[in-house]
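To keep things clear, I will list the structure first and then write my remarks on it.
Numbering (my numbering), first residue to last: 594 to 717.
The structure is reproduced here in C-alpha cells:
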C-alpha cells in the first residue's frame with residue numbers, strides 16, 4: 594500500500610483530505626508542522642508527499658528546498674490557499690510535482706496523487 598506523508602497547517606482541512614486519502618486505501622502519515630515533516634522524511638521513505646501551505650514551523654517555501662535536499666526524488670504535491678508569483682517560482686525552482694490552489698478538486702487530486710505514487714514507486 595502506498596505511503597504518503599501529509600503536512601497540514603490548519604485544523605479544518607485535514608479531515609477532508611485524510612478521508613479522501615483513506616478512501617483511496619493509502620497509508621497516510623499526518624504531521625502538522627514543517628519540523629515534523631522533516632523528521633518523518635529523515636526516518637522513513639514515502640512514495641509521495643502533500644504539503645498544504647502555509648503551515649506551522651519554519652517558512653513553507655524554505656522548507657521545500659530543505660525537503661528537496663533530504664528526499665530529492667520524492668514527488669511533492671503543494672496545496673496553496675492562494676496563487677502567488679513567489680509560490681509559483683519556488684514550485685518551479687524546487688521541481689515540485691504538482692501545485693494545486695484551494696479549494697481542491699477531489700478528482701484532480703486523485704489523478705495527481707496516482708501519478709505521483711507511480712513516479713515515487715519507480716524511484717525507490
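The beta carbon of each residue, even a glycine, is placed where N, CA and C say it ideally should be.
DSSP beta-bridge partners of residue i
{"i": "residue 693", "result": "672"}
{"i": "residue 597", "result": "621 and 641"}
Proximity below 8 Å, CB of residue i to CB of residue j
{"i": "residue 611", "j": "residue 621", "result": "yes"}
{"i": "residue 672", "j": "residue 643", "result": "yes"}
{"i": "residue 601", "j": "residue 623", "result": "yes"}
{"i": "residue 703", "j": "residue 617", "result": "yes"}
{"i": "residue 728", "j": "residue 674", "result": "In this structure the chain extends from 594 to 717, so residue 728 is not present and cannot be described."}
{"i": "residue 641", "j": "residue 670", "result": "yes"}
Between the CA atoms of residue j and residue i - distance to the nearest angstrom
{"i": "residue 699", "j": "residue 682", "result": "25 Å"}
{"i": "residue 654", "j": "residue 662", "result": "13 Å"}
{"i": "residue 709", "j": "residue 668", "result": "5 Å"}
{"i": "residue 639", "j": "residue 690", "result": "14 Å"}
{"i": "residue 615", "j": "residue 701", "result": "16 Å"}
{"i": "residue 685", "j": "residue 657", "result": "11 Å"}
{"i": "residue 631", "j": "residue 694", "result": "23 Å"}
{"i": "residue 664", "j": "residue 676", "result": "25 Å"}
{"i": "residue 680", "j": "residue 692", "result": "9 Å"}
{"i": "residue 625", "j": "residue 712", "result": "25 Å"}
Buried versus exposed call for residue i [16 or more other C-beta atoms within 10 Å across all chains shown]
{"i": "residue 707", "result": "exposed"}
{"i": "residue 678", "result": "exposed"}
{"i": "residue 645", "result": "buried"}
{"i": "residue 609", "result": "exposed"}
{"i": "residue 636", "result": "exposed"}
Any C-beta of chain C under 8 Å from that of residue i
{"i": "residue 664", "result": "Annotation note: the requested chain C is absent from the structure, which comprises a single protein chain."}
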